[in-house]
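Only one structure is covered here, and it is reproduced in the block below.
Number of protein chains: 2
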Amino acid sequence: MVEQPHGDQGLQTRDRILATAARLFSENGYEHTPLSQVAREAQVSKALVLWHFDSKEALFRAALGRTLEPYHLDVEDLEGLDERAQIELLMDRFYEFVRGNVYSVRFLFGLLIRAEPKRDDVIGKVSDLYDLFRSVLADIIERGRARGLFRADANPRLDASLILVSLGGILIEQLMRDRDQSAELMDHLKQTVFRRLIV
Amino acid sequence: MVEQPHGDQGLQTRDRILATAARLFSENGYEHTPLSQVAREAQVSKALVLWHFDSKEALFRAALGRTLEPYHLDVEDLEGLDERAQIELLMDRFYEFVRGNVYSVRFLFGLLIRAEPKRDDVIGKVSDLYDLFRSVLADIIERGRARGLFRADANPRLDASLILVSLGGILIEQLMRDRDQSAELMDHLKQTVFRRLIV
DNA sequence: GTCTATATACAGATAGAC
DNA sequence: GTCTATCTGTATATAGAC
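Protein chains in written order, with my numbering: chain G, 1119 to 1317; chain E, 1119 to 1317.
This is the structure:
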């Protein structure tokens, strides 16, 4: 896509369109968000939306970038904690992130699970994040084992994966069902994890 | 919807339309399945589809019923097995069912996770199945504990829930990612579960 | 019951004035 | 940059012949 030169007014408007699109795509999905709605809620005409972004698909990609911005894994503040506390912190962070980004998580999930258009774009990004999370967890488990804090028969790769899929399962339980027992389940998962890991 | 009287030919055709719709909705979702495609692949006209089913939505509901037919939980053959084997059998059955019904699972999942039309219809059915599965698991754990096979500190309700969400997590991992490590993870989950439960 | 032909609505996208 | 007006395609649904 070619970036036209914009004045201040243009940037402002373009940004408002983008923010509106990101919100609507997150809330209602690509299919259920007509350009007319984006235009209306951004208080511009359809034609202007398509002037800034060449097509609905281009708009989607741009909005996706914005939606994914808060998705990253911050590991800097893990230092100084023992391995158990590190794992616990990561699990809590995952949980809180999901709770704080329900709309976009639901949206991305829909993209990944369905045959929605252009899921290939996002699948790489989310996959990378997932793999990063897992490898960070596995490294922590490995270190804990080397230090003698965790059991010798801990399996860093599989234990990390199991923690992740369990977190994922709690997340979808939370996304799909009314009655939210996720806090209780999180506690129980932690107990189970550490009972398995800790010597 | 009013059921018109049909002759043999009508029933046959109606059934073919229904089967085609169920397959296409499962494969591509409601939004990506125009009536024209249903009609073409069922080798009838669009008008006939709408003669048998009053609207696309009515067709969807009818097809959904058919899609959900294989979704049930058979617990009769659990008798005679000890509690560990019962749990293992249920986990395997869940796993195999998902692998054998990828399309419809993916479809239902999409319905549940997204704001697709009429998800309320299906959510009850799937929710019931989920609750049934969990209560069956919880009962087995409770019995195993009473028998002294499982640890006294086993928590039937939470342990059952954790098994279920972990299974669910493995399932989505399997649905979303290319590299399929689900068999390995299933094994590891079982080990972890029984290490936690067994005395 | 099944068809062809058509009505109606709305989507994404373009043309051209300002 | 931003608009109004319009094009074009395709969707669901209906009318009416057979």
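Glycine residues also receive a C-beta, built at the ideal position from the N, C-alpha and C atoms.
- If you check each beta-carbon in the segment 1293-1313 of chain E against every beta-carbon of chain G, the ones closer than 8 Å belong to 1293, 1294, 1295, 1299, 1302, 1303, 1306, 1307, 1310, 1313.
- Following the DSSP letters along the chain, one finds residue 1316 of chain G in no alpha helix (DSSP H), marked with neither H nor E.
- The C-alpha of residue 1162 of chain G lies about 15 Å from the C-alpha of residue 1174 of chain G.
- The shortest C-alpha to C-alpha distance from residue 1293 of chain G to any of E:1283, E:1296, E:1288 is the one to E:1283.
- With contacts defined by Cβ atoms closer than 7 Å, residue 1191 of chain E and residue 1251 of chain E form a contacting pair.
- At a cut-off of 7 Å, the C-beta of residue 1144 of chain E has no neighbouring C-beta in chain G.
- Fewer than three beta-carbon pairs drawn from the segment 1297-1308 of chain G and the segment 1238-1245 of chain G are found closer than 8 Å, and the two stretches are therefore not classed as touching.
- Not a single C-beta of chain E is nearer than 7 Å to the C-beta of residue 1251 of chain G.
- With contacts defined by Cβ atoms closer than 7 Å, residue 1205 of chain G and residue 1258 of chain G form a contacting pair.
- Taking one beta carbon from each stretch, the segment 1218-1228 of chain G and the segment 1174-1189 of chain G have 3 or more pairs nearer than 8 Å; the two touch.
- When Cβ-Cβ separations below 7 Å define contact, residue 1287 of chain G makes contact with chain E.
- For residue 1268 of chain E, the three-state secondary structure derived from DSSP is strand.
- By a beta-carbon distance limit of 8 Å, residue 1281 of chain E does not contact residue 1254 of chain E. Their separation comes to about 11 Å.
- Boundaries of the alpha helix (DSSP H) around residue 1274 of chain G: 1274-1294.
- No Cβ of chain G is located within less than 7 Å of the beta carbon of residue 1222 of chain E.
- Annotation: residue 1307 of chain G to residue 1229 of chain G spans about 27 Å, alpha carbon to alpha carbon.
- The alpha carbon of residue 1217 of chain E has as its nearest neighbour, out of E:1231, E:1264, E:1290, the alpha carbon of E:1290.
- Closer than 8 Å at the C-beta level to chain G, one finds these residues of the segment 1262-1284 of chain E: 1273, 1276, 1277, 1279, 1280, 1282, 1283, 1284.
- Taken through DSSP and simplified to helix, strand or coil, residue 1219 of chain G comes out as coil.
- Secondary structure of residue 1134 of chain E (DSSP, three-state): helix.
- Under the 7 Å criterion on CB atoms, residue 1242 of chain E is classed as non-interfacial with respect to chain G.
- Interface residue (Cβ-Cβ distance to chain G less than 7 Å): residue 1259 of chain E is not classified as such.
- When the five nearest sequence neighbours on each side are left out, the beta carbons in the same chain lying within less than 6 Å of the beta carbon of residue 1134 of chain G are those of 1160, in order along the chain.
- Listed in chain order, the positions of the segment 1162-1185 of chain G with a beta carbon within less than 8 Å of a beta carbon of chain E would be empty, since no residue qualifies.
- Taking 7 Å as the threshold, the shortest C-beta distance from residue 1205 of chain G to chain E does not fall below it.
- In this model, residue 1270 of chain G and residue 1256 of chain G are separated by some 14 Å (Cα to Cα).
- A Cβ-Cβ distance of about 6 Å is found for the pair residue 1180 of chain E and residue 1136 of chain E, placing them in contact under the 8 Å criterion.
- Among the residues facing chain E, residue 1227 of chain G is included, as its CB has a counterpart in that chain under 7 Å away.
- Interface with chain E (7 Å Cβ-Cβ cutoff): residue 1316 of chain G is excluded.
- Comparing alpha-carbon positions, the option among E:1200, E:1170, E:1177, E:1303 lying closest to residue 1129 of chain E turns out to be E:1170.
- For residue 1197 of chain E, there is no enclosing alpha helix (DSSP H), since its DSSP letter is neither H nor E.
- Interface with chain E (7 Å Cβ-Cβ cutoff): residue 1214 of chain G is excluded.
- The beta carbon of residue 1255 of chain E sits no closer than 7 Å to any beta carbon of chain G.
- In terms of beta-carbon proximity, residue 1230 of chain G lines the interface with chain E, with at least one pair separated by less than 7 Å.
- Contacts with chain E at 7 Å (Cβ-Cβ) do not include residue 1159 of chain G.
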